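Numbering (full-length UniProt numbering), first residue to last: 1 to 490.
Accompanying notes for the structure given below.
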Ligand SMILES: [Zn+2]
Ligand SMILES: [Zn+2]
């Protein structure tokens, strides 16, 4: 009998076998029978849950429907917190005892435990359950023609080389590190290797620690891959119910995936909080499939990442030039003694005031980085006194996205910000000052990223980057040294 005939018979059988026959039996083998021949799962349900690990009682679907699928064997079920042999969070894989809270639970009437570490994703205790879709991804059904690639830009020689190297690594299921200066055009490097992966029917995730980066990348990817479903996942984003072959997500959102991705790309791999949080690193490992390659992309790789790349023989691409070929703007130092005291006397330190006035006169948009929200909020009205469109942004600011957009559209002259805008944003002709560059929040990586905001546009390839300080630190020197090294590199 030919395969075609078998599949026709199977199809026929599936359509006409009465569901009630298998419903009456309860053994596991008959459940299996039910699953394959009596019941066709709704594509929407299957698409949503494939690769996800989700709270049983809190899905975007009616509970009765979820229970039907569970009864028919479509889901694996696990407690949200495993208690034996020791406590382990099934969502973020945390095993550190101090990060669990034990309490007398009203629901299960026992001592129950929840994980503090991933509580921002919703509290789940050991009597709560997570569900995981059992079936394989609809991978074989993705066809070549379904992925459209509509990018017409051109890569520089350096970008092309990195793109080719990454593609080779991904094909060999080998990890890869792209170490490229700010403004090298990292996103464009990813397009062709991602396209090749999508075309091969693979599911791809681009994860980044920062919501701002997800928001910046999403429209760009949508434009390039117009025919496939792309989801952007971050705290507060809506749950899309379709199957997305390409997912852009904050690393936090990966807690909700398991064994899902054939290719994992971690953009801005060194950004806070990813570097400091081992659970987020485990989330990346958990969300990808067992042998799926991970590509790390960053302008400021940590020593640890560089050593790991060397020891584990990952692929490696290095780009010291920006896409427009011009040198990186080098930060200059400017002493701003006792700047805090001056701000608290309701004054802007004179040199900083001069700098802002110069920008306004030249009609150049500007960013001023502050070490703390408190100092920034103290300073904001003082700057607004000079120019009323100046605003401040920080991580908790719900209007952050809009304010950045207004700066880009020239509706605002300048923004005061915390390190939240250190990466991921591009504003034409922006000039940058760091107030209190000597503060410990400004690590050399942060200072390199901040300096990297300047001169990104082909028509404005340079600009001012000034570190206002109350004493020069090693971090400041190291940032400057690394930028100079890149400029000398041939
Ligand atoms: Zn957890
Ligand atoms: Zn409980």
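Quick reminder that beta carbons are idealized off the backbone N, C-alpha and C, glycines included.
Here the structure is a predicted model, which means the values were calculated and not measured.
Report back the beta-carbon spacing between residue i and residue j to the nearest angstrom; my notes put them in contact at under 8 angstroms.
i: residue 79; j: residue 129; result: 6 angstroms
i: residue 487; j: residue 293; result: No, residue 487 and residue 293 are not in contact; Cβ-Cβ is about 32 angstroms, not under 8 angstroms.
i: residue 113; j: residue 83; result: 7 angstroms
i: residue 430; j: residue 331; result: Incorrect: roughly 14 angstroms between the Cβ atoms, too far for contact.
i: residue 435; j: residue 368; result: 6 angstroms
i: residue 271; j: residue 219; result: Not a contact, Cβ separation roughly 20 angstroms.
i: residue 449; j: residue 275; result: Actually they are not in contact, since the Cβ atoms of residue 449 and residue 275 sit about 13 angstroms apart, beyond 8 angstroms.
i: residue 433; j: residue 476; result: Residue 433 to residue 476, Cβ: 14 angstroms. No contact.
i: residue 408; j: residue 256; result: The Cβ separation is near 32 angstroms, so there is no contact.
i: residue 455; j: residue 329; result: 5 angstroms
i: residue 392; j: residue 377; result: 7 angstroms
Grouping DSSP H, G and I as helix and E and B as strand, with all else coil, what is residue i?
i: residue 79; result: strand
i: residue 215; result: helix
i: residue 221; result: helix
i: residue 274; result: helix
i: residue 295; result: strand
i: residue 392; result: strand
i: residue 102; result: strand
i: residue 484; result: helix
i: residue 266; result: strand
i: residue 468; result: strand
i: residue 347; result: coil
i: residue 255; result: helix
i: residue 24; result: Since pLDDT at residue 24 reaches only 35, below the 50 mark, its modelled position is unreliable, and no value is offered.
i: residue 88; result: strand
i: residue 460; result: strand
i: residue 489; result: coil
i: residue 207; result: strand
i: residue 117; result: coil
i: residue 3; result: Low local confidence applies: a pLDDT of 41 at residue 3 is under 50, so the model's placement there is unreliable, with the coordinate-based value given in what follows. It is helical.
i: residue 380; result: helix
i: residue 68; result: helix
i: residue 95; result: coil
i: residue 237; result: coil
i: residue 42; result: coil
i: residue 374; result: helix
i: residue 226; result: coil
i: residue 475; result: helix
i: residue 32; result: With a pLDDT of only 43 at residue 32, under 50, the local geometry of the prediction cannot be trusted, and no value is derived from it.
i: residue 242; result: coil
i: residue 398; result: coil
i: residue 363; result: coil
Please tell me whether, using a cut-off of 6 angstroms, the distance from the CB of residue i to the nearest non-hydrogen atom of ligand 1 is below it.
i: residue 118; result: yes
i: residue 94; result: yes
i: residue 115; result: yes
Bridge partners of residue i, per DSSP?
i: residue 55; result: 130
i: residue 231; result: 247
i: residue 368; result: 416 and 433
i: residue 354; result: BP columns for residue 354 are empty, so no partner.
i: residue 261; result: 288
i: residue 454; result: Partner(s): none; residue 454 has no beta bridge.
i: residue 111; result: 104
Quick one: is the Cβ of residue i within less than 6 angstroms of any heavy atom of ligand 2?
i: residue 89; result: no
i: residue 127; result: yes
i: residue 107; result: yes
i: residue 182; result: no
i: residue 112; result: yes
Compare the C-beta of residue i with all C-beta atoms of chain C and state if any pair is closer than 7 angstroms.
i: residue 408; result: This model lacks chain C altogether; it includes just one protein chain.
Practice task
Mind listing, in chain order, the continuous alpha helix (DSSP H) runs of no fewer than 4 residues lying wholly within the region 301 to 340?
Solution key: 303 to 311
Exercise for the section: Scan the region 402 to 445 and note each continuous beta strand (DSSP E) run of 3 residues or more that stays entirely inside, going in chain order. Expected result: Listed in chain order, they are 414 to 417 and 431 to 435.
Exercise for the section: Ignoring anything shorter than 4 residues or poking outside the region 124 to 202, list the alpha helix (DSSP H) runs there in chain order. Expected result: 157 to 171 and 186 to 199
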